[in-house]
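Heads up: the sequence shown begins at 1 in this note's numbering, then just goes up one per residue.
Every residue, glycine too, gets a C-beta built ideally from N, C-alpha and C.
Nothing here was measured: the structure is a model prediction, and the numbers come from that model.
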Amino acid sequence: MSLRSTDDPPFGAVVVDLVRVRDCLALAAVPAALLGIFLLPESSRRSLTFLYASPTLTTAFAAHFVHFRVTHLASNLLGYGVFAGVAYLLAVLAGRRRLFGAATGTFLLALPPVLSALNLALPRRAVGYGFSGVNAAFAGLLALLIPIYARARLASWIEFRHAPAVFFVVIAITPVVALPPSTTSLGITLTCGVLGTYYVHALETDRRRAGGVETAGSTRGWLDLLVVATLLCVGFPFVGFGAGATGSATVPNDYVHLLGFCLGFIGPYVCLVLELFDTDGSTG
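This is the structure:
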């Protein structure tokens, strides 16, 4: 069963109608802030890094916006533009602008100190900085928004409760990319693979129950965005893990990214389970 019909406006027209300039300006404030901090003297930036040996609440927050290398900054700006940008498109086209706004505010204000605090679970003399953990949270949010968007624009039998299928598939891939072969990595992959398979099977069962009615309307653009978002999400482990920092005094990127991805998915998912967010109304 699909929600597309011959009377629906084309993809491009709906995007232009629903994407708001003020939203884009708000999203653009993040790269502007990262660039502004990068232009500070190096001594000032170093004073904002998170020291495991002497953590403070200020550095627990500020360190996630600090970069020292152009390549590090550029990769995080690109990651933010891709993951936050696509997540925003999925959210507004699915009528979930408020959910995206609340999640983004949480990722930018509350998540950084939480990630820093959780990093203290690994006792060591290290220094943490960089926006990659927050970017990982947007990748986690993307995993949740994929089925929400698919339900709103392509197939009404898909539910947000199918989102763990995407989540567990990504987590199953992660040990293969991030960890050397071991019993632990194999166990994680197999466990998450089984869980992912369970949710995929539930998705297929719901599709059969719905009868698989085809739409008479064009899915051009709508389906393309869904495919791009899915590829980005499933491909996240290949760009987000296994390429950690080389310095011994740097927080392991893989740990930060895993925390960010999991929290970015679980938090909004729980909010939807508790029905804290309704749709924004008409989705165009």
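CA nearest to the CA of residue i, picked from the options
{"i": "L73", "options": "P31, A102, G105", "result": "P31"}
{"i": "L223", "options": "L89, A26, G79, L18", "result": "L89"}
{"i": "C262", "options": "A87, F50, V134, S43", "result": "V134"}
{"i": "V19", "options": "L35, F100, V177", "result": "F100"}
{"i": "R97", "options": "A126, A136, A143, Y149", "result": "Y149"}
{"i": "V177", "options": "E275, T71, V239", "result": "V239"}
{"i": "F277", "options": "G193, A91, G81, T191", "result": "A91"}
{"i": "L145", "options": "T58, R45, A87", "result": "A87"}
Close beta carbons around residue i, own chain, < 8 Å, minus the five adjacent residues each side
{"i": "A33", "result": "F65"}
{"i": "R124", "result": "Y52"}
{"i": "G81", "result": "P31"}
{"i": "T230", "result": "I146, V166"}
{"i": "G187", "result": "none"}
Residue i versus residue j: straight-line alpha-carbon distance, rounded
{"i": "D206", "j": "F167", "result": "19 Å"}
{"i": "P237", "j": "L226", "result": "19 Å"}
{"i": "H162", "j": "L48", "result": "40 Å"}
{"i": "R209", "j": "A202", "result": "11 Å"}
{"i": "R69", "j": "L232", "result": "25 Å"}
{"i": "Y129", "j": "F50", "result": "6 Å"}
{"i": "V234", "j": "P41", "result": "38 Å"}
{"i": "A26", "j": "G85", "result": "12 Å"}
{"i": "A165", "j": "R22", "result": "33 Å"}
{"i": "P180", "j": "A62", "result": "32 Å"}
{"i": "T322", "j": "S43", "result": "Beyond the ends of the chain as shown, which are 1 and 284, falls residue 322; an answer cannot be given."}
{"i": "V14", "j": "S182", "result": "48 Å"}
{"i": "P147", "j": "A94", "result": "10 Å"}
{"i": "F38", "j": "A29", "result": "14 Å"}
{"i": "V270", "j": "F160", "result": "11 Å"}
{"i": "I266", "j": "Y199", "result": "16 Å"}
{"i": "G79", "j": "V256", "result": "15 Å"}
{"i": "A136", "j": "L35", "result": "19 Å"}
{"i": "F241", "j": "V228", "result": "20 Å"}
{"i": "A60", "j": "S116", "result": "5 Å"}
{"i": "S75", "j": "D254", "result": "15 Å"}
{"i": "T191", "j": "P9", "result": "43 Å"}
{"i": "L57", "j": "F131", "result": "17 Å"}
{"i": "E275", "j": "T106", "result": "18 Å"}
Own chain partners of residue i with C-beta closer than 7 Å, once the 5 adjacent residues on each side are dropped
{"i": "L118", "result": "L259"}
{"i": "L120", "result": "Y52, P55"}
{"i": "A143", "result": "A163, V166, F167, V170, C233, F265"}
Beta-carbon proximity list for residue i, same chain, < 6 Å, skipping 5 on both sides
{"i": "R151", "result": "I158"}
{"i": "A103", "result": "L141, P268"}
{"i": "G221", "result": "F11"}
{"i": "A139", "result": "F83, F236, F261"}
{"i": "R45", "result": "V66"}
{"i": "F193", "result": "Here residue 193 turns out to be Gly, not Phe, going by the sequence shown. So the list reads A172, once near-sequence residues are dropped."}
{"i": "S185", "result": "P175, L179"}
{"i": "L77", "result": "P31"}
Residue environment, residue i, which counts as buried when at least 16 other CB atoms sit within 10 Å
{"i": "C24", "result": "exposed"}
{"i": "A53", "result": "exposed"}
{"i": "G196", "result": "buried"}
{"i": "P175", "result": "buried"}
{"i": "D17", "result": "exposed"}
{"i": "V273", "result": "exposed"}
{"i": "L122", "result": "exposed"}
{"i": "V127", "result": "buried"}
Contact with chain D by residue i, beta-carbon distance below 8 Å
{"i": "T49", "result": "In summary, chain D is missing from the structure at hand, where a single protein chain is found."}
(message) With a threshold of 8 Å, are at least 3 pairs of Cβ atoms found where one atom belongs to the stretch 170–182 and the other to the stretch 108–117?
(response) no
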